[in-house]
Every structure is written in structure tokens, then in C-alpha cells.
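What follows is a set of notes on a single structure, which appears directly below.
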Amino acid sequence: MIRPMDRGTIAVYEQRAKEWRDRRPARFAERARALGRAVGRGRVRIDAGCGAGLHLRDLGRPVVALDAAHAMLQLAREAAPHAWCVQADLERLPFRRGSIDGSWALASYLHIRRDHLPWALRELQQVVSVGASASFTMRRGAAAEGELPGDDFPGRFFAEWEPEPLRDVLTGAGFEVGAMESTQEWINVQVTRSRTLPDVVGPEMRVLVCGLNPSLYAADVGVGFARPGNRFWPAALAAGLVSADRDPGHALQHHAVGMTDLVKRATVGADELKKAEYVEGMARVERLVEWLQPRVVCFVGLAGWRAAKDKKATAGEQPEALGGRPVYVMPNPSGLNAHSKLDDFTEHLRGVIALADVSV
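This is the structure in C-alpha cells:
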């Protein structure tokens with residue numbers, strides 16, 4: 008479901024790295040220095056898709072220079088001998104959780120397919136620390152994908168975005184969106200890593216599971232429904248929805264089961280949420296569903312659907328679709344819900360699977 012970054016694009020950069028460097032002078036030195044100051048002295052920052060490394064010195068130290076093209080990293084080493092050079096894919100970041108304190112991404116994530124961008128942003132969100140600043144430059148356009156007509160480096164893949172859909176994806180990925188500046192061709196956006204869970208979503212999902220909101224515990228470990236005593240994962244395993252415990256990445260890649268939350272704000276308990284938050288979150292989730300078109304959406308916990316859609320809703324398939332896709336609502340599997348047992352949740356998830364199997 009999620010594949011590596013476009014190989015053709017990397018091949019262009021491998022073959023024409025020096026020519027690219029000579030035609031693309033550094034243009035955003037002050038912006039890079041501002042990010043470096045925000046990160047602070049002695050804290051690790053990353054140039055994610057560094058190319059020839061023309062902004063590495065401006066970002067400050069210590070700095071990780073990451074690129075998928077080895078030829079670009081050789082040039083980056085020349086530009087900034089102090090940089091820690093890493094050859095890796097933006098969709099497979101090789102860093103431990105919370106090890107990076109700031110990220111600079113100048114025209115790099117625009118080489119990722121639109122429906123793969125949530126996954127790549129999840130990778131970044133998991134490796135940067137809570138409160139970390141990140142900067143992105145994306146190509147603006149009406150959702151086009153592929154090679155650009157008249158590109159002076161033909162063979163490269165580009166994905167275009169408009170500001171509001173990009174804002175949705177960044178919010179879903181667990182970032183608080185700050186300043187966003189748009190021109191006819193580019194979008195520059197500054198974000199902060201929130202203490203929350205990122206969406207784990209992609210194309211061709213069989214089921215999109217939507218929780219109410221992350222608990223602080225779940226946000227800190229990076230897995231929804233992770234608290235001991237929560238019965239979602241045991242029920243999902245018993246129902247055959249997933250085959251690995253508390254592993255949302257595996258669920259998406261091997262079972263086409265995605266995950267999101269109605270409200271991104273993490274709390275001790277869902278009872279802290281307000282109706283307005285549910286309504287706003289439902290609008291975002293509906294846009295997500297309209298875009299990615301999972302076979303079925305499963306809302307875990309009745310409170311959100313009741314607050315935003317149908318105050319009299321009961322568990323099971325709903326009469327109202329969302330984003331053109333069928334909806335199933337099931338009780339909250341939190342250990343605080345003593346009214347339902349593990350077998351009950353398992354049966355609900357079997358119902359979700361059955362609904363997905365008949366939905367196209």
C-alpha cells in the first residue's frame with residue numbers, strides 16, 4: 008500500500024546532482040536561520056531532503072542532512088562538512104522516536120504522492136519531539152501529480168496542493184499549523200509538533216477506524232487505544248481485522264486498516280471534549296473520507312457521532328453515510344466502559360468487516 012519514494016525522481020538527482028546545485032542557489036537563508044534559532048543551540052535539527060545542502064550552514068548545529076540520492080549527499084558534505092549525512096527515504100525515516108528537535112523541508116515532500124503524504128508526515132511526526140518546529144515548502148496547484156511540463160530536470164515526480172487540503176493533512180498528521188504563505192506556485196508553511204497521534208491513512212483502505220481523541224498515554228506512546236485495559240486491539244485481533252497487536256503501521260500496510268481521531272487534542276479522558284470540537288473534527292474526517300474513500304468508516308465510541316451527526320444514534324451501521332462511504336458506530340472499548348465485554352467489541356468489529364466486504 009505504501010511504497011518508497013519515486014525511483015525515477017531519485018535517479019534524476021543521482022545523475023544530475025552537480026548541475027542541479029549550480030542552477031538552484033540558496034534563496035531562503037534567513038528562513039533557515041530562523042528555524043535554527045527556534046530549535047536552539049545544541050539540539051538536533053534535520054534538513055529533510057537536503058539536496059546539495061545549500062541551507063545546512065544556515066540551519067545551525069548539530070544538523071542531519073538527509074536525502075535519498077547519494078550524489079546529493081556528497082555535495083552536502085562539501086557544503087557542510089559538520090553535517091551528519093544520512094541516505095534515507097522520507098517515507099522510511101531511520102530515527103528513534105522524539106530524537107529530532109526541528110525540521111526543514113524545502114521542496115522535498117512535494118515529490119511524494121498525495122495519498123502517501125499522510126504516511127510520510129506521520130514518519131516525521133514520530134521522530135520529532137513534542138513542540139518541535141518544522142518548515143515545509145510545497146508546490147501549489149490543483150491537485151495535479153506527475154512530471155511537470157517543461158521541467159528543466161525531466162523525469163521528476165511532483166504532487167501539487169492547495170492550502171486548505173494541505174492544512175487538513177498537516178493537522179491530521181499531528182501538527183499545529185502556524186503561518187502559511189501562498190503564492191501562485193508555492194506554499195510555505197510553519198508547523199509545531201503537537202502532543203497527539205498522527206493519522207495512519209493511505210489509499211485503498213478497507214476500514215478507516217476513527218477514535219474520539221487520543222489519550223495522553225496513547226499520544227506519548229504513539230499508538231491509539233494503547234492503554235492497558237483498552238479492549239480495541241484484543242477485539243481487533245480476535246475479529247481478524249488485524250494480525251499484530253498495537254501496531255497501526257502494520258494494520259495499514261498489511262490489512263488496509265487506517266486510523267484517525269475525531270478530535271486531535273489529547274486529554275486524560277474523552278469527557279473533557281466539547282461538542283464544538285466534535286463538530287469541527289467531523290468536518291475534517293468527512294473531507295478525509297471524501298478524499299481517500301475507504302470502504303467503510305468505523306467510529307469507536309458513540310459520543311462523537313451523536314454530538315456531530317445523530318444524537319439518537321445506536322451502535323451498528325448508520326443510516327447516514329459520511330463522505331459517500333458507509334458508517335458503523337461501536338461502543339467505546341475503554342476499560343471505563345463496564346457495560347460492554349470483549350466479545351461485544353469483537354462482534355462489532357466482525358460487523359465492520361462484513362460491511363467492508365460488501366462495500367465497493
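Just add 7 to wherever you are in the sequence shown, counting from 1, and you've got our numbering.
Just so it is clear, CB atoms sit at the ideal spot from N, CA and C, and this is done for glycine as well.
Owing to the predicted nature of the structure, the values given are computational and were not obtained by experimental measurement.
The C-beta separation of ALA87 from ALA72 comes to about 7 angstroms, placing the pair in contact by the 8 angstroms criterion.
Counting only unbroken stretches of 3 or more residues, the beta strand (DSSP E) elements lying wholly within the stretch 225-311 are 264-268, 303-307, in sequence order. As the crow flies, the alpha-carbon of GLU297 is around 15 angstroms from that of MET266. DSSP places THR144 within a strand segment (E or B) once states are collapsed to three.
Assignment of beta strand (DSSP E) within the stretch 142-189, counting only whole runs of 3 or more residues, yields 182-189 in chain order.
Closest in C-alpha terms to MET212, from the list VAL359, THR16, PHE165, comes VAL359.
In this structure the stretch 101-113 lies against the stretch 48-64, because at least three pairs of beta carbons, one per stretch, are closer than 8 angstroms. The C-beta distance from GLN191 to ARG147 rounds to 7 angstroms, short enough to meet the 8 angstroms contact threshold.
A contact between stretches requires three or more CB pairs, one per stretch, nearer than 8 angstroms, and the stretch 243-256 fails this requirement with the stretch 175-190. Taking VAL230 as reference, the option from LEU177, ARG253, VAL208 with the minimal CA-CA separation is ARG253. Bridge partners of ILE194 according to DSSP: MET145, SER189.
Spatial neighbours of PRO161 in its own chain (CB-CB distance under 8 angstroms, excluding positions within 5 residues in sequence) are listed in chain order as VAL19, GLU154. Contact between TYR285 and ALA315 is confirmed by a C-beta separation of about 5 angstroms, below the 8 angstroms threshold. The C-beta separation of VAL207 from ARG120 comes to about 16 angstroms, leaving the pair out of contact by the 8 angstroms criterion. Around GLN132, the same chain offers ALA180, GLY181, PHE182, ARG200, PRO205 as residues with beta carbons nearer than 7 angstroms, after the five sequence neighbours per side are excluded. Pairing SER136 with GLU152, the inter-Cα distance amounts to about 31 angstroms. Taking ALA24 as the centre and dropping the five residues before and after it, the same chain places the C-beta of ALA59, ALA76, ALA78, MET79, LEU82 closer than 7 angstroms to its C-beta, in chain order.
At least 8 angstroms separates the beta-carbon of PHE164 from that of PRO340.
Our two residues, VAL270 and PRO101, have alpha carbons roughly 29 angstroms apart in a direct line.
Between the alpha carbons of LEU356 and ALA277 lies a gap of roughly 21 angstroms. Residue pairing from DSSP leaves THR16 without any beta-bridge partner. Comparing alpha-carbon positions, the option among GLU354, LEU66, GLU171, VAL214 lying closest to SER142 turns out to be LEU66. Within the model, the alpha-carbon separation for ASP364 versus GLY288 is close to 27 angstroms.
A buried status is given to ALA320, since no fewer than 16 other beta-carbon atoms sit within 10 Å of its beta-carbon. Burial check for ASP158: the Cβ neighbour count within 10 Å stays below 16, so the residue is exposed. In the DSSP assignment, the residues bridged to ASP96 are ARG99. Per DSSP, reduced to three states, the secondary structure at GLU130 is helical. ASP122 carries a helical assignment under DSSP once its states are collapsed to helix, strand and coil. Assignment of beta-bridge partners to ALA112 by DSSP yields PHE143.
Across the set LEU248, VAL367, LYS318, the C-alpha of LEU248 shows the shortest separation from the C-alpha of THR353. Residue pairing by DSSP places MET337 opposite VAL307 in a beta bridge. Note that the C-beta distance between GLU327 and LEU362 is not below 8 angstroms. Within a 10 Å sphere around the beta-carbon of PRO32 sit fewer than 16 other beta-carbons, which makes this residue exposed.
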